[in-house]
Amino acid sequence: MTFTLNDDAGMLKESARDFFREQAPVSRLRKQRDAKQNGRDPELWAEISALGFAGVIIPEEYGGAGLGYVALGAVLEEAGRTLVASPLHSSALAGASALMLAGLDAQRAEWLPKIAAGDAIATIAIDEGAHHAPGKSKLKFEGGKISGEKKYVADGHVADVIIVAGGDALYLVKADAAGLTRRELVTADSRGAADLKFENTPAEKMNGGADIVDAILDRARIGLAAEMVGQASEAFEITSEYLKTRKQFGQVIGGFQALQHRAAKLFTDLELTRSCVLAALDALDRGDNRIAEYASLAKARASETLHLASNEMVQLHGGIGMTDEHDAGLYLKRARVAEALYGGASFHRDRYASLLGF
Amino acid sequence: MTDQLETFRAETRAWLDANCPASMRTPMAGEDDAVWGGRNYKFASEDAKLWLDRMAARGWTAPTWPKEYGGGGLSADENRVLQSELKRIEARPPLFSFGIWMLGPVLLEYASEEQKKEHLPKIVRGEIRWCQGYSEPGAGSDLAGLQTRCEDKGDHWLINGQKVWTSYANYADWCFCLVRTDTSVKHEGISFVLIDMTTPGVETRPIKLISGSSPFCETFFTDVKIPKDNMVGRLNGGWEIAKRLLQYERTNISGFGSGARVDVVDIAKAHVGLEGGELADRDLRARIAAHKMTERAYALSVQRAQEEAKAGGNVSHMASMFKVAGATLNQDRCELMVEAAGNRALGWSGEGFAPDEIAITRGWLRSKGNSIEGGTTEINLNVVAKRVLGLRDTQ
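These protein sequence lines map, in sequence, to chains A and B.
Under the numbering used here, the first residue of the first sequence is numbered 70, with each subsequent residue one higher.
Under the numbering used here, the first residue of the second sequence is numbered 2, with each subsequent residue one higher.
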């Protein structure tokens, strides 16, 4: 096991950091939101793709870089820092993983090069109710067609290809397929999503059963946890900086022990969570056989830490943290969406207990 | 891994196979199985003594210390190999020692050549057992407020005062001690001295804890004369050494004295029971799961810090963070064990309760000290806030 980035991943992280800081700071999300783009920013996506970020885990034979999950996790963490609204996680990680793990040869050959180049956006459609419950699917498959519903599909409103989980099977559906109705959702995090309705929609069955659905989800969870660590780190650093500059009672408020201890506890929590996420990404690249444990550990801890970091960001900023003008609200809104996606802390605690045999 | 390390691993494995007695490859039954050494130490078994002597002869009780002072002279990589081989055969630690964990590292850094040659080899061999004279009745969290006087009497130092929470002072041969050599200043008036506990005027009195055990003492110094050579570092330069030593202590202490080593999950399975493969108490199950996650997160973080230290990163300032997290983790574990064991963990003594059950009760009570000893959680959070995060009273 290692927690240290190799040269390739290190360089990728640095270039991601520079790019997102300069080209996609939080103000870009704010602009997208104010222009009611609901997560759509084709120009930004083109730039992200041009840097190769959409093909980090995709094998070289399909036009990707074949660098693995640690490398993509590093990019996602940097994207998380400035709340970059793009389908990077849905397409380059979740969608690409689904095709790599469950795609038929022809499906991989058709879609992976497009995903790697950013020419096609992929996503995975899992949940059918208000809560993450991959085991509960009412999706029906008959004669090459699926019927059913999927809710709050991340980037479902912009995706070109959707990998649909049907409990113990996976189906590939093109966004323009007949019988697919997409209802675009305007979401709290300003990234958008979609409810999908399938009525005898042509679908290609993919390889694998429930275990592969789990394997794909675990990749999505670990990758999202990496993005969340970036969000929590930035939220913490902005808050910590504020504590050093805001003055009340004639001194900086960071000198007050009550606030120092809250900051120190949050920092400790964040560092413990970072170790879990780095270990989980590394476990994917090593092909560790306890991926499910790592995934639930990373996603539960990231959800708890980001929950705390985003709440503390608002509270420790005081009144200004409640204003729309400040970024704290944007971190808070994204936090709750990311926490819920692919299972929150309570879902993963429950799963972790089962995996550990109690 | 390099060929050299592979060779070292093979040699180490062969040596351990030949030299680690079979009884030293079994789990320790309790704190009585820990070997502390010292002038008057009574070993629980012949094997325990044999194991210590053999390891000490190679310097492997302090594997990374230089050979000239009795250490093993191993590189960090070689030490990792040694530790993994020891773990592989589930070998017991040959020696528990404040000398190795706390004093040795600062002697290597601050002591004179004569002091190193005098004290380090005896620590390695477990011949001299050390205790720590830091806290005083009036100087706990505010350690630098200590008042034990050390006066220059020309050919010796004269020491008068009282220490408290001196771990195992009643068993120790020597004490490393913080004393006041200048009363006109605070931090800059402290020195670091070494005191032979058999010197006339040294007296110890065990303190009984809420757990029923007495691992700590009060230690009194009344007109204690010690040689001038027994000061480490310069006069009034003890605070820097004291702080450095605390970093080593905090790294070692976080889960110390936790008593029971059983897994909380096993306790819960036994006393709460499973329904459909899951703990019958859903609320407890969720809290144990959260605890197991924190436990794993802590272990991974320690591993990560070791890797970053190896890569040259300065992680010494993280000791306080690990101290806080480790203490909290251990206390949570103990609380969950008591809860999971129900009334079986609410006994105190007698035949109505098994030794394992009493160990849970007493370990739980002992664990309350984890967030107090070696710097309270509150003090360590101050350290993290100020030194790691740079939060200060004024900017």
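The beta-carbon is built from N, C-alpha and C at its ideal position, and this holds for glycine as well.
Every value quoted in this text rests on a predicted model; they were computed, and no experiment measured them.
Contact set for residue i: own chain, Cβ-Cβ below 7 Å, skip 5 residues either direction
| i | result |
| --- | --- |
| D264 of chain B | none |
| G239 of chain B | L179, I191, S192, F193 |
| R206 of chain B | C218, E219 |
| T13 of chain B | V82, L83, E86 |
| R181 of chain B | L147, Q148, T149, R150, C151, G190, I191 |
| L410 of chain A | A223, L293 |
| G248 of chain A | F267, E268, N269, T270 |
Residues that residue i contacts on chain B, provided the C-beta gap is smaller than 7 Å
| i | result |
| --- | --- |
| L377 of chain A | Neighbours of L377 of chain A on chain B: none; closest Cβ ~13 Å, over 7 Å. |
| A369 of chain A | M294 |
| A430 of chain A | This structure cannot settle anything about residue 430 of chain A, because the visible part of chain A is limited to 70 through 427. |
| L312 of chain A | L392 |
Within chain B, the residues that residue i reaches when beta carbons sit closer than 8 Å
| i | result |
| --- | --- |
| T71 of chain A | E308 |
| A332 of chain A | A386, L390, L392 |
| L366 of chain A | M294, R297, A298 |
| A78 of chain A | Those within 8 Å of A78 of chain A in chain B number zero; the least Cβ separation is about 15 Å. |
Cutoff 6 Å; reference residue i; Cβ partners in own chain excluding five residues on either side
| i | result |
| --- | --- |
| T377 of chain B | S142 |
| W166 of chain B | S136, F217 |
| G258 of chain B | Low confidence applies here, because G258 of chain B scores a pLDDT of 39, under 50, leaving its location unreliable; read the following figure in that light. Excluding positions up to five away in sequence, the list reads R367. |
| T200 of chain B | V225 |
| G256 of chain B | Model confidence at G256 of chain B stands at a pLDDT of 43, short of 50, so the residue's coordinates are unreliable; what they give is reported in the following sentence. Once the five neighbours on either side are set aside, the close Cβ partners of G256 of chain B are G327, N331. |
| R286 of chain B | L280 |
| D196 of chain A | K220 |
| T65 of chain B | L75, N80 |
| Q342 of chain B | At residue 342 of chain B the sequence reads Ala, which differs from the Gln that was named. Closer than 6 Å at the Cβ level, and outside the excluded window around A342 of chain B, lie I268, H272, I361. |
| I389 of chain A | H395 |
| I417 of chain A | According to the sequence shown, residue 417 of chain A is His rather than Ile. Answer for H417 of chain A: S365, K368, A369, listed in chain order. |
Same chain only: Cβ atoms within 8 Å of residue i, ignoring 5 sequence neighbours per side
| i | result |
| --- | --- |
| M338 of chain B | A261, V263, V265, I268, A346, I361, G364, W365 |
| A15 of chain B | none |
| K209 of chain B | S215 |
| E296 of chain A | L145, E146, A148, G149, H158, A407 |
| G278 of chain B | none |
| M70 of chain A | A348, D351, A352, R355 |
Under 9 Å from the C-beta of residue i: neighbouring residues of chain A
| i | result |
| --- | --- |
| R367 of chain B | Those within 9 Å of R367 of chain B in chain A number zero; the least Cβ separation is about 23 Å. |
| K270 of chain B | G426, F427 |
| R286 of chain B | R418, D419, A422, F427 |
Cβ separation of residue i and residue j, assumed to be a contact under 8 Å, to the nearest whole Å
| i | j | result |
| --- | --- | --- |
| A154 of chain A | R251 of chain A | That pair is no contact at about 18 Å. |
| L385 of chain A | L328 of chain A | 7 Å |
| A165 of chain A | I215 of chain A | Not confirmed; about 22 Å, so no contact. |
| G108 of chain A | A185 of chain A | Not quite, the Cβ-Cβ distance comes to about 21 Å (not below 8 Å), so this is no contact. |
Backbone secondary structure at residue i - three-state DSSP
| i | result |
| --- | --- |
| A443 of chain A | For residue 443 of chain A there is no data in the structure shown, the boundaries of chain A being 70 and 427. |
| D18 of chain B | helix |
| S379 of chain A | helix |
| E152 of chain B | strand |
| E91 of chain A | helix |
| F257 of chain B | Note that F257 of chain B scores 43 on pLDDT, short of 50, meaning its location in the model is unreliable and no value can be drawn from it. |
| Y135 of chain B | coil |
| L339 of chain A | helix |
| D264 of chain A | strand |
| K164 of chain B | strand |
| S216 of chain A | strand |
| L181 of chain A | helix |
| A69 of chain A | What is shown of chain A runs 70 to 427, which leaves residue 69 of chain A out entirely. |
Amino acids of chain A, ordered along the chain, whose beta-carbon sits closer than 8 Å to that of residue i
| i | result |
| --- | --- |
| V266 of chain B | L425, G426, F427 |
| A326 of chain B | T337, L341 |
| E279 of chain B | A422, S423, F427 |
| L382 of chain B | Q329, H330, A333, K334 |
Closer than 6 Å: residue i CB and nearest the ligand PLP heavy atom
| i | result |
| --- | --- |
| A407 of chain A | No copy of the ligand PLP occurs in the structure displayed, which carries no ligand at all. |
Contact set between residue i and chain A, taken where Cβ atoms lie within less than 7 Å
| i | result |
| --- | --- |
| S302 of chain B | E340, L341, S344 |
| R40 of chain B | Here the premise fails: no neighbours, minimum Cβ distance about 41 Å. |
| R81 of chain B | Chain A residues near R81 of chain B: none, gap ~13 Å exceeds 7 Å. |
| V125 of chain B | The premise fails here: V125 of chain B is roughly 31 Å from chain A at the closest Cβ pair, so nothing lies under 7 Å. |
Partner residues on chain B for residue i, Cβ-Cβ distance less than 9 Å
| i | result |
| --- | --- |
| F318 of chain A | Correct list: empty, because the minimum Cβ distance to chain B is about 11 Å. |
| S309 of chain A | L390, G391, L392 |
Stretch-stretch touch, CB-based, cutoff 8 Å, three pairs: the stretch 364 to 382 of chain A with the stretch 286 to 304 of chain A
Touching, yes.
Could you say if the stretch 145 to 163 of chain A and the stretch 270 to 279 of chain A meet the contact criterion of at least three C-beta pairs nearer than 8 Å? Too few Cβ pairs lie closer than 8 Å, so no.
Next item on the list: Indicate whether the contact test is met: 3 or more Cβ pairs, each with one atom in the stretch 361 to 369 of chain A and one in the stretch 282 to 298 of chain B, closer than 8 Å.
Entry: Output reads yes: the stretch 282 to 298 of chain B touches the stretch 361 to 369 of chain A.
- Could you say if the stretch 198 to 206 of chain A and the stretch 239 to 251 of chain A meet the contact criterion of at least three C-beta pairs nearer than 8 Å? Touching, no, given that fewer than three Cβ pairs across the two stretches are closer than 8 Å.
Exercise for the section: Specify whether the stretch 126 to 134 of chain B and the stretch 270 to 278 of chain B touch according to this definition: at least 3 beta carbon pairs, one from each stretch, less than 8 Å apart. Expected result: Taking a cut-off of 8 Å for Cβ pairs, the stretch 126 to 134 of chain B and the stretch 270 to 278 of chain B do not touch, as fewer than three such pairs fall below it.
Subject >> Touch test, the stretch 309 to 318 of chain B against the stretch 350 to 364 of chain A, Cβ-Cβ under 8 Å, three pairs minimum >> reply: Contact between the stretch 309 to 318 of chain B and the stretch 350 to 364 of chain A is absent, because fewer than three Cβ pairs lie under 8 Å.
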